[in-house]
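J.: Let me give you the structure first, and then I'll get to my questions.
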Amino acid sequence: MNPLKVLLTGACGRIGKTFFQAAKHRYDFVLADRHQPDFAIGDHRFIRLDMADKDELATLVEGIDVVVHLAGIPFADSSFEELLPNNILATTYLLEAAARARCKRVVFASSAQAIEGYPVDRQITPGMPVMPANLYGVSKCYGEALCAFYSAKRGLSTIVLRVGAFEFPDDHDLRTRRDLSAWLSPRDAVQLLQRAIEVEGVQHLVAHAISNNRFKRLDLSETTQVLGYQPVDDAFREFGLPLH
C-alpha cells in the first residue's frame, strides 16, 4: 500500500519538526511553513507560503489524504491583529480547501488555552464548554467550532487536539504543578498525531493532547478510548518538582 499523503503545516515549528523527523518514513509528507526548514527533508516536498493566501492553499491540498494543521501564532499575549490572518483566516481557508479537495481528514492543533479560563485546580472533562482566558484561546475556540461545522455540514472528518505544554525534557519552561499537569512530551505528541491521522471511523472529536501525568489538567479518558492513544510519560516523574 502507498503511504498516506500528509500535508503538515507549521512544519518548521517545534511540534512539526519533531513529528516529521519521527514519522518521515511512515507518510509521504508535503511540508508547509513560512520559514525554510533547518533540517533535512529527504524525498519529501517543502512549500514556503503564507497560510492566509487562499489561492495557494487550494492548490496545496490537491491529492492530500490528511491535513495536519499546526501553523499559527502560538502566543497567549497575541493581539487580534496578529491572530486574524494567522489563526482565523488561514484556518478558515484551509478547511474550505480541504473540504473542496475531498481530503479524508483534517487534524487541527488547538490549545489548552481554549479552556484556561477555568480554575487551575479543576480538571477539564469531555463536553465542558470552552473557557478561554485570552484572545489566542479565543482563536483556537474558533478553530474548534470551524472543525465541528465542516464535520457536520461538509462531511469532512476532523480531529481537534487541545495541545497542552509541549516541552523537551532537556530544555523546558515548566515551573508549577499546573505546568506539569498539562505537559505533552515529544514522544507522546508523535504517537498522538499518528493515531489522529490513522484512526478509522471518527467523524469529529475534540481530543486532549497531554501526557500520562500523575495529575492531569485535561481528562484523557475519551482521547485514549477513541483514538487508542497510550501516553507513556509523566511530568511529575520526569521533572521531579515538589508537589507542595
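Under my numbering, the letters of the sequence shown match residues 784 to 1027, in that order.
Glycine included, C-beta positions come from ideal geometry on N, C-alpha and C.
Residues bridged to ILE907 by DSSP?
T.: ILE907 pairs with LEU1001.
J.: Within its chain, find whatever has a CB closer than 6 Å to the CB of PRO868; leave out the 5 residues flanking it on each side and keep chain order.
T.: ALA835, listed in sequence order.
J.: Express the C-alpha separation of ARG831 and ALA819 in angstroms, rounding to a whole number.
T.: The amino acid at residue 819 is misidentified as Ala; the sequence shows Gln. Distance between the alpha carbons of GLN819 and ARG831 is about 7 Å.
J.: Hey, quick one: how far does the beta strand (DSSP E) through ASP816 stretch, first residue to last?
T.: First-last of the beta strand (DSSP E) with ASP816: 811 to 816.
J.: For GLN986, I'd like the list of residues in its chain whose CB is within less than 6 Å of its CB, leaving aside the five on either flank, ordered along the chain.
T.: Within the same chain, GLN986 has close Cβ partners SER934 and SER940.
J.: Where TYR901 and ASP1017 are concerned, what is the direct C-alpha to C-alpha distance, given to the nearest angstrom?
T.: For TYR901 and ASP1017, the distance between alpha carbons rounds to 23 Å.
J.: Per DSSP, what kind of secondary structure is LYS887 in: helix, strand or coil?
T.: Three-state DSSP puts LYS887 in coil, outside helix and strand.
J.: Output the distance between the C-alpha atoms of PRO912 and VAL849, rounded to the nearest integer angstrom.
T.: Taking the straight line from one Cα to the other gives about 27 Å.
J.: Which runs of the beta strand (DSSP E) at least 3 residues long sit entirely within the segment 833 to 861? Give them in chain order.
T.: Listed in chain order, the complete beta strand (DSSP E) runs (minimum 3 residues) inside the segment 833 to 861 are 849 to 852.
J.: Alpha carbon to alpha carbon, how far is ASP811 from ARG888?
T.: Taking the straight line joining both Cα atoms gives about 15 Å.
J.: Can you have a look at GLY910 and say buried or exposed, based on whether 16 or more other CB atoms are within 10 angstroms of its CB?
T.: Burial call: exposed.
J.: Report the CB separation of ASP816 from ALA859 in whole angstroms; it is logged as a contact under 8 Å.
T.: Rounded, the Cβ-Cβ distance is 21 Å, inconsistent with contact.
J.: Does the segment 1003 to 1023 touch the segment 952 to 960, meaning 3 or more C-beta pairs lie closer than 8 Å?
T.: A contact exists between the segment 952 to 960 and the segment 1003 to 1023.
J.: Do the CB positions of LEU1001 and ALA895 come within less than 8 Å of each other?
T.: In this structure, ALA895 lies closer than 8 Å to LEU1001 by Cβ.
J.: For chain B, is any of its Cβ atoms less than 8 Å away from the one on PHE932?
T.: Among the protein chains of the structure shown there is no chain B, as only one such chain exists.
J.: Within this structure, are the beta carbons of GLY926 and THR842 separated by less than 8 Å?
T.: No, the Cβ-Cβ distance between GLY926 and THR842 is not below 8 Å.
J.: With a cut-off of 8 Å on the beta carbons, I'd call ALA992 and GLY947 a contact; round off their distance for me.
T.: Correct: roughly 6 Å between the Cβ atoms.
J.: Please go through the same chain and pick out, in chain order, the residues whose beta-carbon is closer than 7 Å to the beta-carbon of CYS865, but skip the five residues on each side of it.
T.: The amino acid at residue 865 is misidentified as Cys; the sequence shows Glu. If we look at GLU865 and ignore the five residues flanking it on each side, its Cβ neighbours are ILE856.
J.: What's the gap between the Cα of PHE998 and the Cα of TRP966?
T.: Cα-Cα distance, rounded: 10 Å.
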